[in-house]
Amino acid sequence: LALGKGAGGEAIAADLSRMPHLLIAGATGSGKTVCLNSIVCCLLLYNTPNEVKFIMIDPKRVELTPFNSIPHLATPVIVDTNKALSTLRWLNQEMDKRYQKLATAGARNIEGYNRNKQGDERLPYLILIIDELADLMMAGFDEVEHILCRLAQLARATGIHLVVATQRPSVDVVTGLIKANFPTRVSFAVTSQVDSRTILDMGGAEKLLGRGDMLYMPTEAAKPKRLQGCYVSDAETERLVYFWGSQQREEASLKIEELVPSVAAGRKGGFPEDPLL
Numbered sequence: 001l002a003l004g005k006g007a008g009g010e011a012i013a014a015d016l017s018r019m020p021h022l023l024i025a026g027a028t029g030s031g032k033t034v035c036l037n038s039i040v041c042c043l044l045l046y047n048t049p050n051e052v053k054f055i056m057i058d059p060k061r062v063e064l065t066p067f068n069s070i071p072h073l074a075t076p077v078i079v080d081t082n083k084a085l086s087t088l089r090w091l092n093q094e095m096d097k098r099y100q101k102l103a104t105a106g107a108r109n110i111e112g113y114n115r116n117k118q119g120d121e122r123l124p125y126l127i128l129i130i131d132e133l134a135d136l137m138m139a140g141f142d143e144v145e146h147i148l149c150r151l152a153q154l155a156r157a158t159g160i161h162l163v164v165a166t167q168r169p170s171v172d173v174v175t176g177l178i179k180a181n182f183p184t185r186v187s188f189a190v191t192s193q194v195d196s197r198t199i200l201d202m203g204g205a206e207k208l209l210g211r212g213d214m215l216y217m218p219t220e221a222a223k224p225k226r227l228q229g230c231y232v233s234d235a236e237t238e239r240l241v242y243f244w245g246s247q248q249r250e251e252a253s254l255k256i257e258e259l260v261p262s263v264a265a266g267r268k269g270g271f272p273e274d275p276l277l
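Written out as structure tokens, the structure is:
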């Protein structure tokens with residue numbers, strides 16, 4: 001992934017498979033969604049639909065929906081919260097299925113598994129992109145936190161990676177458990193030092209200038225690096241999406257319609273849903 005330029009003008013890139021998950025925070029207008037778009041574009045440039053599949057959750061309905069026509073999507077961009085919760089449950093089950101396949105094949109991770117397979121037998125990498133974590137946390141706090149932490153702890157070997165963004169890095173959204181399982185973090189400009197400490201464990205992000213000015217905390221670093229984030233224009237994104245959209249599409253591998261009924265079944269107790277609320 002191309003992340004941006006350092007203070008000396010050097011290009012900074014990172015390998016998502018080594019991160020292995022990324023947590024992004026930043027106030028409105030700080031460049032957070034532009035960063036998500038550039039990450040998706042980087043992966044589209046270098047990977048075919050057989051190698052990488054995306055699952056995109058976009059509660060704001062406008063940020064990730066332009067990618068709806070790419071063949072890399074395991075399902076159309078998800079904008080409904082109930083479908084998003086079902087998808088997280090499906091991803092949890094998919095991780096367990098992949099571990100069973102690895103165990104049967106005697107492989108330690110997805111690289112070892114794919115090395116001995118050909119064609120359709122190879123497992124694609126699955127990348128979950130969440131544009132606004134706060135909306136999901138409000139919809140099902142305990143369950144979302146549990147599934148995200150389980151995926152962050154175990155999913156790396158099965159080729160499942162998480163890229164999670166939020167514009168509200170408060171302790172009720174970026175909880176201690178979530179933060180502990182996302183060692184690689186990016187912070188754009190935030191509104192207060194408290195938010196900066198929540199996301200980076202230190203101050204500094206509240207002094208950033210906005211418009212792509214960011215602090216990047218890689219797993220192995222003791223302190224964050226200051227970068228100017230990548231910018232991919234809407235026209236470039238449209239060209240890339242048009243190119244991939246004109247290729248032959250495969251049928252979506254994840255049937256969201258089949259998952260929606262499991263939301264009601266998976267809900268633990270509580271009050272029945274009132275259509276007026």
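Heads up: the sequence shown begins at 1 in the UniProt record's numbering, then just goes up one per residue.
Glycine is no exception: its CB is placed at the ideal position from the N, C-alpha and C atoms.
Note that the structure is predicted; figures quoted are calculated from it, not measured.
Check                                                                                                                                                                       : Outcome
Can you list, in chain order, the residues of its chain whose CB lies under 7 Å from that of I226, leaving out five sequence neighbours each side?                          : According to the sequence as given, residue 226 is Arg; it is not Ile. The residues are A7, L215.
Count the other C-beta atoms from every protein chain shown that fall within 10 angstroms of the C-beta of S10, then say buried if there are 16 or more, exposed otherwise. : Here residue 10 is Glu; the residue named in the question, Ser, does not match the sequence. E10 comes out exposed.
Nearest to Q153 by CA position, among E143, K83, H21, I12, is which residue?                                                                                                : H21
Using three-state DSSP, classify Y106 as helix, strand or coil.                                                                                                             : Checking the sequence shown, residue 106 turns out to be Gly, not Tyr. Three-state DSSP puts G106 in coil, outside helix and strand.
Would C149 and I127 be called neighbours here (beta carbons separated by less than 8 Å)?                                                                                    : no
With E63 and T33 assumed to form a contact (beta carbons below 8 Å), what rounded beta-carbon distance in angstroms separates them?                                         : 5 Å
Taking 6 Å as the limit between beta carbons, can you name the residues of its chain near A155, skipping five residues before and five after?                               : M95
Give the straight-line distance between the Cα atoms of T65 and D58, rounded to the nearest whole angstrom.                                                                 : 8 Å
Give the list of continuous beta strand (DSSP E) stretches no shorter than 3 residues that lie fully inside the region 102-152.                                             : 125-130
Could you pull out every unbroken alpha helix (DSSP H) segment of at least 4 residues lying fully inside the region 153-232, listed in chain order?                         : 176-180, 193-200
Could you give the first and the last residue of the continuous alpha helix (DSSP H) run that contains G245?                                                                : 234-245
Just the C-alpha distance for E145 and M137, rounded to the nearest angstrom, thanks.                                                                                       : 7 Å
Buried or exposed: D111, going by 16 or more other Cβ atoms within 10 Å of its Cβ?                                                                                          : Strictly speaking, residue 111 in this sequence is Glu, with Asp absent from that position. Exposed, by the Cβ-count rule.
Would you mind giving the Cβ-Cβ distance between L200 and S187, rounded to the nearest angstrom? I have them listed as a contact below 8 Å.                                 : 5 Å
Suppose contacts are defined by Cβ-Cβ distances below 8 Å. Is L44 in contact with H161 by that definition?                                                                  : no
Between the Cα of I129 and the Cα atoms of T104, T75, T198, T48, which residue gives the shortest distance?                                                                 : T75
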